[in-house]
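Numbering (the numbering used here), first residue to last: 722 to 999.
Reviewing the structure listed below.
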Amino acid sequence: MTTPSPTAPLLFGFYTLLAQVIGAGVTVLAFEATNSLAAALTCATISAIVVAHFLGLSTPWRVINGILPLTLAASLAVTLPAWVFMIPLLTLCAIHAPAFWTRVPYYPTSRAAYPLILAELPPDRPFTFIDIGCGMGDLLIFLRKHRPHGHFYGIEIGLVPYVASKVKALLHGGGKVTVTFKSVYKTPLHDFDYVYAFLSPAAMTQVWAQAYREMKPESTFITNSFKVPEVPSYQVNIKDHRQGVLFVHRMGERASHHMPAQSGGPVQRPPKRSEGGS
Ligand SMILES: C[S@@+](CC[C@H](N)C(=O)[O-])C[C@H]1O[C@@H](n2cnc3c(N)ncnc32)[C@H](O)[C@@H]1O
């Protein structure tokens with residue numbers, strides 16, 4: 722598992738800024754050499770993408786770095802009312818604002834984890850599954866497609882993610898996906914056979930205390946990448962860029978496992994089957 726470094730956001734901001742500064746330098750040189758704004762902007766875009774690539778920024782951020790000079794030039798060329806610039810800001814706030822008080826930002830489960838989570842769920846009998854903090858709801862829709870006997874629940878407190886997942890549940894849930902605007906701390910967990918959490922280290926102690934109190938012995942708690950204060954029944958490595966891990970806790974085995982000496986962790990379960998995924 723990759724442990725998030727506290728300096729990562731600073732480093733990321735510095736890298737993005739560096740890509741733009743280098744891009745701006747190239748733009749000035751290109752403009753002086755060609756006297757063409759189009760050529761200068763093309764150079765700015767290409768150089769920002771190339772620098773972002775070599776600094777190791779992800780593909781979406783390379784694209785954002787690339788279009789930034791163009792949008793900047795467009796905003797200087799066209800006079801837009803000031804409120805237009807508020808739209809992206811307000812949208813970002815509606816997605817990420819809860820992170821200020823929950824200390825859980827929005828980022829989706831990677832697609833590579835989908836079939837691994839699916840493999841934990843029974844293919845041939847009814848069950849209930851809840852994603853506590855379901856984000857945009859894509860995982861729920863995927864699971865419901867491949868596990869027709871399950872009923873899938875999502876709870877979310879971010880406004881935009883909630884609306885997005887609610888709409889997806891209505892459109893693609895086939896009556897088997899229920900999304901509610903609610904905090905995990907106000908949602909009793911005893912009715913669920915599977916509880917899935919992909920939150921943040923800041924939330925795990927409290928969430929685990931709740932799961933420990935409320936979940937039935939025959940149920941399963943799965944936490945993506947962020948450990949709880951108990952050794953899992955087993956863990957499954959996710960082969961994605963985050964090198965995430967699913968920690969699977971069979972609730973009937975609580976406190977019955979001990980970290981094997983010198984192994985550095987619990988036994989890893991071999992993959993059950995390859996199914997679904999995209
Ligand atoms: C890391 S994202 C995971 C999204 C989704 N589960 C997925 O895997 O794609 C965590 C989500 O949990 C939501 N969240 C944070 N604290 C919460 C709480 N107390 N109750 C419900 N949702 C919460 C955030 O708004 C965010 O959308």
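The C-beta atom is built at its ideal place from N, Cα and C for all residues, glycine as well.
**Prompt:** Residues in its own chain within less than 6 Å of H978 by CB, not counting five upstream and five downstream?
**Reply:** At H978, the pLDDT of 44 sits below 50, so the modelled position is not reliable; the number obtained from the coordinates is stated separately. Once the five neighbours on either side are set aside, the close Cβ partners of H978 are V952.
**Asked** Within 7 Å: the Cβ of E935 and any heavy atom of ligand 1?
**Response** no
**Asked** If you draw a straight line from the C-alpha of A773 to the C-alpha of G746, how long is it?
**Response** 15 Å
**Item:** Exposed unless 16 or more other CB atoms sit within 10 angstroms - verdict on G858
**Value:** buried
**Message:** Which residue wins for smallest C-alpha separation from D914, given the options G894, F902, E935, A924?
**Reply:** E935
**Request:** Starting from G871, trace the beta strand (DSSP E) both ways and give me its first and last residue.
**Result:** 871 to 877
**Prompt:** If you measure from the CB of Y906, is any heavy atom of ligand 1 nearer than 7 Å?
**Reply:** yes
**Request:** Would you please state the rounded distance, in angstroms, between the beta carbons of A932 and L910? I believe it to be under 8 Å.
**Result:** Indeed, because the Cβ distance is near 6 Å, the residues count as touching under 8 Å.
**Asked** Does at least one heavy atom of ligand 1 sit under 7 Å from the Cβ of T823?
**Response** yes
**Prompt:** How about G871 and K887: do their beta carbons lie closer than 8 Å?
**Reply:** no
**Prompt:** Is the beta carbon of G777 within less than 7 Å of some heavy atom of ligand 1?
**Reply:** Not under cutoff, so the answer is no.
**Prompt:** Between P819 and T792, what straight-line distance do the alpha-carbon atoms span, to the nearest angstrom?
**Reply:** 28 Å
**Prompt:** Apart from the five residues on each side of it in sequence, which residues of its chain come closer than 7 Å, Cβ to Cβ, to F735?
**Reply:** none
**Message:** DSSP three-state label for H817, please.
**Reply:** If DSSP states are grouped into helix, strand and coil, H817 belongs with the helices.
**Asked** Looking at the structure shown, is V749 part of a helix, part of a strand, or coil, going by DSSP?
**Response** helix
**Request:** Report whether the distance from the Cβ of P909 to the nearest heavy atom of ligand 1 is below 7 Å.
**Result:** no
**heavy atom of ligand 1 below 7 Å from T830 C-beta** = yes
**Prompt:** Should P819 be counted as a contact of ligand 2 given a C-beta to heavy atom distance under 7 Å?
**Reply:** For ligand 2, the structure offers nothing, since it holds only ligand 1.
**Prompt:** Do you know whose CA, among Y828, L813, I853, H867, lies nearest R846's CA?
**Reply:** H867
**Request:** Would you tell me roughly how many angstroms separate the C-alpha atoms of G879 and T926, rounded to the nearest one?
**Result:** 21 Å
**Request:** Taking only heavy atoms of ligand 1 into account, decide whether any of them is closer than 7 Å to the Cβ of A924.
**Result:** yes
**Asked** Is A798 buried or exposed, if buried means 16 or more other CB atoms sit within 10 Å of its CB?
**Response** exposed
**Prompt:** When you compare each of L892, W804, G854, K889 to H817 by their alpha carbons, which one comes out closest?
**Reply:** G854
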